[in-house]
Every structure is written in C-alpha cells, then in structure tokens.
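Report on the structure given below.
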Amino acid sequence: MPELPEVETVRAGLAPVMEGARITSVTLNRPDLRFPFPEKFISRLEGQRMIRLMRRAKYLVGELESGEHLIMHLGMTGRFSIEGKGAPGNYHHDVAGDRHVHVIFELEGPKGLARVTYADPRRFGFMDLVPAGELASSAHFARMGPEPLSDELTADTLRLRLAGKSAPLKAALLDQRVVAGLGNIYVCEALYRAGLSPRRMARTVGPARAEKLVRAIKDVLQEAVEAGGSTLRDFAAADGAMGYFQHRFDVYDRAGEACRKCASPIQRLVQSGRSTFFCGTCQR
DNA sequence: ATCTTCGCCTGCCAGC
DNA sequence: TGCTGGCAGGCGAAGA
Numbered sequence: 001m002p003e004l005p006e007v008e009t010v011r012a013g014l015a016p017v018m019e020g021a022r023i024t025s026v027t028l029n030r031p032d033l034r035f036p037f038p039e040k041f042i043s044r045l046e047g048q049r050m051i052r053l054m055r056r057a058k059y060l061v062g063e064l065e066s067g068e069h070l071i072m073h074l075g076m077t078g079r080f081s082i083e084g085k086g087a088p089g090n091y092h093h094d095v096a097g098d099r100h101v102h103v104i105f106e107l108e109g110p111k112g113l114a115r116v117t118y119a120d121p122r123r124f125g126f127m128d129l130v131p132a133g134e135l136a137s138s139a140h141f142a143r144m145g146p147e148p149l150s151d152e153l154t155a156d157t158l159r160l161r162l163a164g165k166s167a168p169l170k171a172a173l174l175d176q177r178v179v180a181g182l183g184n185i186y187v188c189e190a191l192y193r194a195g196l197s198p199r200r201m202a203r204t205v206g207p208a209r210a211e212k213l214v215r216a217i218k219d220v221l222q223e224a225v226e227a228g229g230s231t232l233r234d235f236a237a238a239d240g241a242m243g244y245f246q247h248r249f250d251v252y253d254r255a256g257e258a259c260r261k262c263a264s265p266i267q268r269l270v271q272s273g274r275s276t277f278f279c280g281t282c283q284r
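Position 96 (the first sequence) corresponds to 96 in UniProt numbering; numbering is contiguous.
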C-alpha cells in the first residue's frame, strides 16, 4: 500500500514505540525479502538503541546509536504491527502462525516491552543497514530527487528536472530521481489537480505549469498524510488495511465514473506498464 | 543516455 | 464450487 503518505503514517505509528527503545532481539524467519538481509544484520541491531525513526521518500530510516542506519522499505505489501505496552489498543498478532511474518523486533523502551513485526506477502520490501556517515551517498539515496513536502521541491527545481525529457509526464513523475516518494496513485491525483495530461511530454512543463504541478503534488500528499494521521489510532488494529484517503480519490481507480469537475467519464490507459487514470477533458 | 518492459511474489476478484 | 486470467500503490535489471 505504501506511497509517501502511507509510509509517513507507518512512521508516525512506529515512532512512539521504537524511538528511544533498545532492540533486545531480532528474529529473521527467512534469509531474504526482495534482497538478502545485509551481513550480520542481527548482531548489528541487537543491543542498539534507536535514536530516531525518520522517513525519506518511501523509506523508513532508523538512526541507531552505533551511527548506522536501518533502512526499511515496504515494497507493495509490507506491514508493521505492534504488540505490547507501547501498542495502541491491545492487538495480538499470531506471529508464529503467520507465514508472511518475516522479521520480529523485540524492544525495550521507556513504556515497557514491545514487539514490532514485519509481514510482507509479496516480499517486495527490503531492509538494509548503512554504515555511519554513508546514508546520503548510499545506493538507496544517492540519486534520489527532492523530498516533495519539503522546501527542496520548488516549481523551478521540478521544471529543471523535467527539462529535456521526452518521456510522458506521468512516467517522469514516477521516476524517484525526479521527485522522491510519488507512486502511481498520487501521480494520477496530482496531474488531475494540476489539469495536466499524463501523456504530455515532460519537457513541455514550463514555469506556469510547473507551479501548478508543484502545488498539486504538495496539496494531495499533505491531505493524504493528514487523512492517514486521523486514522492512526487504528494503526495496530485489524490488519492495517485502513481505507483513509481512498474515498477522496478524484481519478484513481475511477475509470468510467464521472469527473467531479466536468462529469466526463474518467479514462484509464496503460503507460510504462502501469494504469493511468485521468480526465481527458480537464487535463491537457 | 533515455525510455520501456520484465521479473520478483502472493492474494484477490471478476468471469466462466 | 473451482478454475483462469488479470490486476495490484514497489523496485532494479535488462532490453530497445
């Protein structure tokens, strides 16, 4: 499920339990997710206190007192669950019986003991450990584009990053080197809000269109983050399949339904192998 | 170099 | 009911 707003929601749910807590035990139920776990993963984590849990684009980044950073990516189906005193509610996950639980962190924090489990049916997620001082230069982050909700992303920076590109605007925005953290849903939603066609060549975005697009990207992400935050109390309830922002989609998964502005049917097309949803009347 | 397709996995849903 | 095909918000590698 995770694009930037969902990862931020997960971060906000995990932070109260993980920040300041000591990792007393790490259990791996398999040697890999999408990629193998890094060398000495368990021994580099056990005994460490997690100082901060941050987010960069769609990545969770835990800063350890050793100076190393624990990188966690949820892929498409990764989910964290919290059990114990730090958990909101009283959630009990059948960890032993769930074949999709791959990682278990035992934590000792200010509020007591807690267990954080990572489940991922498709195993498109991954975890990594980056040595101290190498976070920004690591393979994950070295070529990553600006963080969309920060001041790094301006109309000028976006326009320059799209300049010269002949790829469709939709495909360019999915490229994490252009802007970091957007996925298929929020690209579709942002293009609709900006009134820009997903088929337009990226390089045709000049200053005025870049301004609209940046505004749309920031707005839709911010609204989604806030919607995720509003359901945070359910973070550890049920199966994590919260429905927060989806009822507010203007175009995503609405093929054939009426555009909320002009009532034309929303169209679906495939670009770079991914579904694009848009209004052919409102988006030019 | 840039852009597109493919592969990784499992679960779910519509249609037969 | 069971089977099949298509689809899914991720990424990086390989191909064009």
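Built from N, CA and C at the ideal position, the CB exists for glycine as well.
Cβ neighbours of residue i in the same chain (closer than 6 Å, five flanking residues each side left out)
i	result
HIS92	For HIS92, the pLDDT reaches just 49, beneath the cut-off of 50, and the residue's location in the model is therefore unreliable, leaving the point undetermined.
GLY67	ALA132
GLN222	none
MET72	LEU60, MET127
LEU158	ALA210, VAL214
ALA167	ALA202
THR24	GLU106, GLU108
ALA194	LYS212, LEU213, ALA216
PHE245	ALA224, ALA227
Where residue i falls, given that 16 or more other Cβ within 10 Å makes a residue buried
i	result
ALA171	buried
GLY62	buried
LEU160	exposed
THR276	buried
GLU226	exposed
SER264	exposed
HIS247	exposed
ARG55	buried
MET76	exposed
GLY183	buried
GLY78	buried
SER81	buried
CYS262	exposed
ILE42	exposed
SER197	buried
ALA208	exposed
ASP253	exposed
VAL10	buried
GLY84	buried
ASP151	exposed
VAL270	exposed
GLU39	exposed
PRO148	buried
ASP250	buried
GLU189	buried
Residues that DSSP places opposite residue i in a beta bridge
i	result
PRO265	ALA258
ILE82	VAL116
PHE126	HIS73
ASP32	PRO36
GLN271	ARG274
LEU53	GLY62
Where the beta strand (DSSP E) containing residue i begins and where it ends
i	result
GLU46	Here GLU46 belongs to no beta strand (DSSP E), and DSSP marks it neither H nor E.
LEU64	59 to 64
THR24	22 to 28
GLU108	101 to 109
LEU74	From DSSP, LEU74 is part of no beta strand (DSSP E); its letter is neither H nor E.
Where the alpha helix (DSSP H) containing residue i begins and where it ends
i	result
TYR252	Neither: TYR252 is in no alpha helix (DSSP H) and is coded neither H nor E.
ASP219	207 to 230
THR276	No alpha helix (DSSP H) contains THR276, which is instead part of the beta strand (DSSP E) from 274 to 278.
LEU158	155 to 162
VAL179	No alpha helix (DSSP H) holds VAL179; DSSP gives it neither H nor E.
MET18	4 to 18
LEU149	Taken as a continuous stretch (DSSP letters only), LEU149 belongs to no alpha helix (DSSP H), as it is neither H nor E.
LEU191	184 to 194
Any non-hydrogen atom of the ligand NAP within 6 Å of residue i CB
i	result
SER66	Annotation note on the ligand NAP: not contained in the displayed structure, which lists no ligands.
Same chain only: Cβ atoms within 7 Å of residue i, ignoring 5 sequence neighbours per side
i	result
MET144	ALA57, GLN176, ARG177, ALA180
GLY164	ARG203
CYS259	ILE266, CYS279, THR281, CYS282
ARG34	GLY75, ARG123, PHE124, GLY125, PHE126
PHE141	ARG56, LEU135
VAL130	GLU68, HIS69, ILE71, SER138
ASP239	Its pLDDT being 37, under 50, ASP239 is placed unreliably in this model, and the value from its coordinates should be taken loosely. Nothing meets the Cβ criterion.
ALA15	LEU53
Same chain only: Cβ atoms within 8 Å of residue i, ignoring 5 sequence neighbours per side
i	result
TYR186	GLU3, LEU4, PRO5, ILE217, VAL220, LEU221, ALA224
VAL26	PHE41, ILE42, LEU45, GLU46, VAL103, ILE104, PHE105, GLU106
GLU257	PRO265, ILE266
VAL205	LEU158, ARG159, LEU162, LEU169, LEU196, LEU213
ARG115	ILE82, GLU83, GLY84, VAL95, ILE104, PHE105, GLU106, LEU107
ASN29	VAL101, HIS102, VAL103, ILE104
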